[in-house]
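Chemist: Here it is: the structure, laid out below.
2 protein chains.
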Amino acid sequence: MKMEKKRRLPTTEVLMEIDRNSYEPAYMQLVNLIKQQIAMGMFRPGDQLPSESQLCSRYHISPMTVRRAINILIDQKIATASQGKGTFVTSIKLGSAAFHLKELQDFFMDKNTTVKILEVRIVPANKRTGKKLGVKSGEAIIYIRRLLLQGEEPFFYHKEYLIYDPARPIVESELEVTSLRGLFNGTGSSEFKKGDLNIEATVITREETQVLKTQEGLPAFRIEHIFYDFAENPVSWGWFICRGDKLRFTTTVGIQETF
Amino acid sequence: MKMEKKRRLPTTEVLMEIDRNSYEPAYMQLVNLIKQQIAMGMFRPGDQLPSESQLCSRYHISPMTVRRAINILIDQKIATASQGKGTFVTSIKLGSAAFHLKELQDFFMDKNTTVKILEVRIVPANKRTGKKLGVKSGEAIIYIRRLLLQGEEPFFYHKEYLIYDPARPIVESELEVTSLRGLFNGTGSSEFKKGDLNIEATVITREETQVLKTQEGLPAFRIEHIFYDFAENPVSWGWFICRGDKLRFTTTVGIQETF
DNA sequence: TAGTGGTCTAGACCACTTA
DNA sequence: AAGTGGTCTAGACCACTAG
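Below, the structure is given as structure tokens:
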């Protein structure tokens, strides 16, 4: 069965050329052309792709253009190159799969999404929060609890501890959805240089049932975050709890259908 | 506070040059140089980076080399470019965060990891499995249950439904860890063209407590997969259940410390 | 009109692999 | 020695944006 396919498919050979008048750049056309050939089975995982010079003369484009196309295939994990040997089609790797929080972004961009501030307080840091934020136990920090709703329905519960800077008053707008939305799409003022994120599976606790209007023991995601300023000091530590039935992450490995 | 920093930092100016004798390619040196300048606060989110021609003359490298460096910054989501306007530093976006299954890969590459086949059967497809695998209800398919252990400790429970091809006997080796390991690092024979993955939060069911030696109701991840062959037909559908206390995904957004 | 990024050329030299 | 990928040059032309 496998052999039969391997023998049959190459007969449906495509002899496409690069269209120099297309709006689509030559290097992109080449990327898609090679992807299609892989998808059709003309090149199988492990097979060697034509060398750069072969592709140059075959499609009448310069080495740099071929190079660029191949680099794209390589960082899409579709091919690997090794100097002196050649470029080879990779087989699909689960290890290369990545789940994007972009799916979460949609929640935040939704116009029906609102943020309800449940609580804002200045509190003394305890041992744990002090350690996370790099301040001494007992120092004043800001504690915020938010509830994110889509329409009437709560789906995210957010707790956050922030460095308290007496010189910088807590601005109302920072507490609203805008600050969270900015974090997701990058339009915020962004005092942050970097953030560490962490996703765990968890279950809804009794406290969370109240605000999320759901049942104790149901599955949930816990997305923890620490954000650092440009001096590498932590300024925000907190986490989102999201009902498991409201969120899932999806992705694809292997050849995508982008043509 | 913010203004003060902005005024103070640029005085610590770095005047590094590209070292043409370095093992590190010029374009990579430029990438890291710009990253460092961003990390130091010389360029803040929203700021415009020097134009390509400025970078060319500043560092005495050709336009293509500058271009390459900038493209890297762009697809690392550190900068955005728009034609006619310039290249700008982005603020960090949660939406660009990605969680990699590479962390899972470590489990599979571990030498202590073993696979115990709990069950292999030819079964008739029911309505649901038939739909997933694209066969009629009642047609014969393969059903496999595996348990993955690290040392003595079970951490993954895997159920899989496979297309049954009478012409291709079930090879013993395919049932062992090798086939799963190959899926993760790409060394397998890989009949698959692509796979769709899906992660949900869930809780351990009664059946799963038996094999995973844990308690009902504890949090867990459920990683579902469908793999397609080169003709785009589904050939495998299944899912992994992993104890929530054994697995977490981590990632970083913003400027990485790669220099 | 001047400046920006986006693409592309037609080579060159190097490092590595294989025979 | 021949073939491969990896890097880089010194320009060119284009499309877009802004004053």
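The listed protein sequences derive, respectively, from chains A and B. Every letter in the first sequence is one number past the one before it in our numbering, and letter 80, counting from 1, is 80. Every letter in the second sequence is one number past the one before it in our numbering, and letter 242, counting from 1, is 1242. The beta-carbon is built from N, C-alpha and C at its ideal position, and this holds for glycine as well. Just so it is clear, the structure is predicted and the values come from calculations on it, not from any experiment.
Is any heavy atom of the ligand COA found at a distance shorter than 7 Å from the C-beta of B:Lys1102?
Modeler: Among the ligands in the structure shown, none appear at all, so the ligand COA cannot be discussed.
Chemist: Provide the residue span of the beta strand (DSSP E) that contains B:Glu1200, from first to last.
Modeler: For the purposes of this step, residue 1200 of chain B is taken as residue 200 along the second sequence, with counting starting at 1. Looking at the DSSP string, the run of the beta strand (DSSP E) that includes B:Glu1200 is Phe1192 to Val1203.
Chemist: Just to confirm my understanding: we take A:Leu133, look at its own chain, exclude 5 residues before and 5 after, and list those with CB closer than 7 Å. What are they?
Modeler: Position 133 of the first sequence, counted from the first residue, corresponds to residue 133 of chain A. Cβ within range, chain order: Ala125, Ile141, Tyr161, Ile163, Pro234 and Trp237.
Chemist: Give, in chain order, every residue of the segment 1236–1253 of chain B whose Cβ lies closer than 7 Å to some Cβ of chain A.
Modeler: So the list reads Gly1244, Arg1248, Phe1249, Thr1250, Thr1251, Thr1252 and Val1253, given in the order they occur along the chain.
Chemist: Considering only residues of the segment 1057–1127 of chain B, which uninterrupted alpha helix (DSSP H) runs meet the minimum length of 4 residues and lie entirely inside it, listed in chain order?
Modeler: DSSP runs (the alpha helix (DSSP H)) wholly in the segment 1057–1127 of chain B: 1063–1075 and 1102–1109.
Chemist: Can you give me, in chain order, the residues of the segment 151–163 of chain A that have a beta carbon less than 7 Å from any beta carbon in chain B?
Modeler: So the list is empty, because no residue satisfies the distance condition.
Chemist: Ordered along the chain, which non-local residues of its own chain (more than five positions away) have a Cβ less than 7 Å from that of A:Asp110?
Modeler: Translated into the one-based positions of the first sequence, residue 110 of chain A becomes position 110. Within the same chain, A:Asp110 has close Cβ partners Gln150.
Chemist: What in chain B is Cβ-close to A:Lys194, meaning under 7 Å?
Modeler: By 1-based counting over the first sequence, the position of residue 194 of chain A is 194. Neighbours of A:Lys194 on chain B, chain order: Ile1092, Thr1252, Val1253, Gly1254 and Ile1255.
Chemist: 8 Å is my cut-off, CB to CB: does A:His100 come that close to chain B?
Modeler: Translated into positions along the first sequence, residue 100 of chain A becomes position 100. Cβ-Cβ to chain B under 8 Å: yes for A:His100.
Chemist: Cβ of A:Ile144 less than 8 Å from any chain B Cβ?
Modeler: Residue numbering aside, residue 144 of chain A sits at position 144 when the first sequence is read from its first letter. Chain B, which has no Cβ nearer than 8 Å to the Cβ of A:Ile144, makes this no.
Chemist: Show which residues of chain B have a CB atom less than 8 Å away from the CB atom of A:Val260.
Modeler: An answer regarding residue 260 of chain A cannot be provided, because it is not within the stretch 1 to 259 covered by chain A.
Chemist: How would you write the range of the alpha helix (DSSP H) that A:Tyr250 sits in, first residue to last?
Modeler: Within the first sequence, the letter at position 250 stands for residue 250 of chain A. The sequence shown places Thr at residue 250 of chain A, not Tyr. No alpha helix (DSSP H) contains A:Thr250, which is instead part of the beta strand (DSSP E) from Phe249 to Gly254.
Chemist: Excluding the 5 residues preceding and the 5 following B:Leu1118 in the sequence, name in chain order all residues of the same chain whose CB lies nearer than 6 Å to its CB.
Modeler: Stepping through the second sequence from its first residue, residue 1118 of chain B is reached at position 118. Taken in chain order, the residues that qualify are Arg1145 and Leu1147.
Chemist: For B:Val1089 and B:Arg1058, which I take to be in contact (beta-carbon distance under 8 Å), what is that distance rounded to the nearest angstrom?
Modeler: Taking the second sequence and counting its residues from 1, one reaches residue 1089 of chain B at position 89. Taking the second sequence and counting its residues from 1, one reaches residue 1058 of chain B at position 58. Rounded, the Cβ-Cβ distance is 17 Å, inconsistent with contact.
Chemist: What do you reckon, are the CB atoms on A:Thr65 and A:Ala26 nearer than 8 Å?
Modeler: Along the first sequence, one-based indexing puts residue 65 of chain A at 65. Along the first sequence, one-based indexing puts residue 26 of chain A at 26. Yes, the Cβ-Cβ distance between A:Thr65 and A:Ala26 is below 8 Å.
Chemist: Taking the alpha-carbon of B:Arg1243 as reference, which of B:Ser1051, B:Glu1017, B:Gly1217 and B:Gln1048 has the nearest alpha-carbon?
Modeler: Residue 1243 of chain B sits at position 243 when you count from the first residue of the second sequence. When only C-alpha atoms are compared, the closest one is B:Gly1217.
Chemist: Would A:Gly254 be called buried (16 or more neighbouring beta carbons within 10 Å of its own) or exposed?
Modeler: The residue given as residue 254 of chain A occupies position 254 in the first sequence. Result: buried.
Chemist: Under 8 Å between the Cβ atoms of B:Gly1095 and A:Leu101?
Modeler: The count along the second sequence starts at 1 and reaches residue 1095 of chain B at position 95. The count along the first sequence starts at 1 and reaches residue 101 of chain A at position 101. Yes, they are a contact pair.
Chemist: In whole angstroms, what is the alpha-carbon distance linking B:Lys1131 and A:Arg20?
Modeler: Here residue 1131 of chain B refers to the residue found at position 131 of the second sequence. Here residue 20 of chain A refers to the residue found at position 20 of the first sequence. Each residue's alpha carbon lies about 44 Å from the other.
Chemist: Can you tell me whether B:Ser1091 is buried or exposed, with buried defined as 16 or more other CB within 10 angstroms of its CB?
Modeler: Here residue 1091 of chain B is taken as the residue at index 91 of the second sequence, counted from 1. With 16 or more other Cβ atoms within 10 Å, it is buried.
Chemist: Measure the CB-CB distance between A:Tyr260 and A:Val211 and report whether it falls below 8 Å.
Modeler: Past the boundaries of the shown model lies residue 260 of chain A; chain A is included only from 1 to 259, so the question cannot be answered.
Chemist: Would you say B:Ala1039 reaches chain A, if we count a Cβ-Cβ gap shorter than 8 Å as a contact?
Modeler: Working through the second sequence from its first residue, we reach residue 1039 of chain B at position 39. Yes, because at least one Cβ of chain A sits closer than 8 Å to the Cβ of B:Ala1039.
Chemist: Out of B:Asp1106, B:Ile1034 and B:Phe1107, which has the shortest C-alpha to C-alpha gap to B:Ile1074?
Modeler: Sequence index remark: in the second sequence, residue 1074 of chain B carries index 74 (1-based). Among B:Asp1106, B:Ile1034 and B:Phe1107, the Cα nearest to that of B:Ile1074 is on B:Ile1034.
Chemist: If you follow the alpha helix (DSSP H) that A:Lys159 is in, where does it begin and where does it stop?
Modeler: Numbered from 1 along the first sequence, position 159 holds the residue referred to as residue 159 of chain A. Run containing A:Lys159: none in the alpha helix (DSSP H); it sits in the beta strand (DSSP E), Glu153 to Ile163.
Chemist: For A:Glu207, would you say it is in contact with chain B, using Cβ-to-Cβ distances shorter than 8 Å as the test?
Modeler: Here residue 207 of chain A refers to the residue found at position 207 when the first sequence is read from its first residue. False, the Cβ-Cβ gap to chain B never drops below 8 Å.
Chemist: Interface residues of chain A around B:Ile1199 at Cβ under 7 Å?
Modeler: Working through the second sequence from its first residue, we reach residue 1199 of chain B at position 199. Correct list: Phe99, Arg248 and Phe249.
Chemist: Tell whether a beta-carbon distance below 8 Å holds between B:Gln1097 and A:Leu30.
Modeler: Walking along the second sequence from the start, residue 1097 of chain B turns up at place 97. Walking along the first sequence from the start, residue 30 of chain A turns up at place 30. First, the residue type needs correcting, since residue 1097 of chain B is Ala and not Gln in the sequence shown. Taking 8 Å as the Cβ cut-off, B:Ala1097 and A:Leu30 do not qualify as a contacting pair.
Chemist: Using a Cβ-Cβ cut-off of 6 Å (strictly less than) and excluding sequence neighbours within five positions of B:Thr1047, which residues of its own chain qualify?
Modeler: Position 47 of the second sequence holds residue 1047 of chain B. Residue identity check: residue 1047 of chain B is Asp in the sequence provided, not Thr. Here the set comprises Val1089.
Chemist: Helix, strand or coil for B:Gly1238? Go by DSSP, reduced to three states.
Modeler: Within the second sequence, the letter at position 238 stands for residue 1238 of chain B. DSSP places B:Gly1238 in strand when its eight states are reduced to three.
Chemist: Counting only C-beta atoms, is A:Met28 closer than 8 Å to chain B at any point?
Modeler: Along the first sequence, read from residue 1 onward, the residue named residue 28 of chain A stands at position 28. So no, A:Met28 is outside the interface.
Chemist: In this structure, does DSSP put B:Glu1224 in helix, strand or coil?
Modeler: As a working mapping, residue 1224 of chain B is identified with position 224 in the second sequence. DSSP places B:Glu1224 in strand when its eight states are reduced to three.
Chemist: B:Phe1227 and B:Gly1195: beta carbons closer than 8 Å?
Modeler: Counted from its first residue, the second sequence places residue 1227 of chain B at position 227. Counted from its first residue, the second sequence places residue 1195 of chain B at position 195. It is a contact, given that the beta carbons lie within the stated cut-off.
Chemist: According to the Cβ coordinates, are B:Phe1221 and B:Ala1201 closer than 8 Å?
Modeler: By 1-based counting over the second sequence, the position of residue 1221 of chain B is 221. By 1-based counting over the second sequence, the position of residue 1201 of chain B is 201. Going by C-beta atoms, B:Phe1221 is nearer than 8 Å to B:Ala1201.
Chemist: By the criterion of Cβ-Cβ separation under 7 Å, what are the contact partners of B:Gln1105 in chain A?
Modeler: Position 105 of the second sequence holds residue 1105 of chain B. In chain order: Gly95.
Chemist: List the whole-angstrom C-beta distance separating B:Gly1086 from B:Ser1051, where the pair is believed to meet the contact cut-off of C-beta under 8 Å.
Modeler: Position 86 of the second sequence, counting from 1, holds the residue named residue 1086 of chain B. Position 51 of the second sequence, counting from 1, holds the residue named residue 1051 of chain B. About 7 Å; that satisfies the 8 Å criterion.
Chemist: Alpha carbon to alpha carbon, what distance is there between B:Gln1037 and B:Thr1250?
Modeler: Mapped onto the second sequence, residue 1250 of chain B falls at position 250. Mapped onto the second sequence, residue 1037 of chain B falls at position 37. Answer to the nearest angstrom: the Cα atoms are 26 Å apart.
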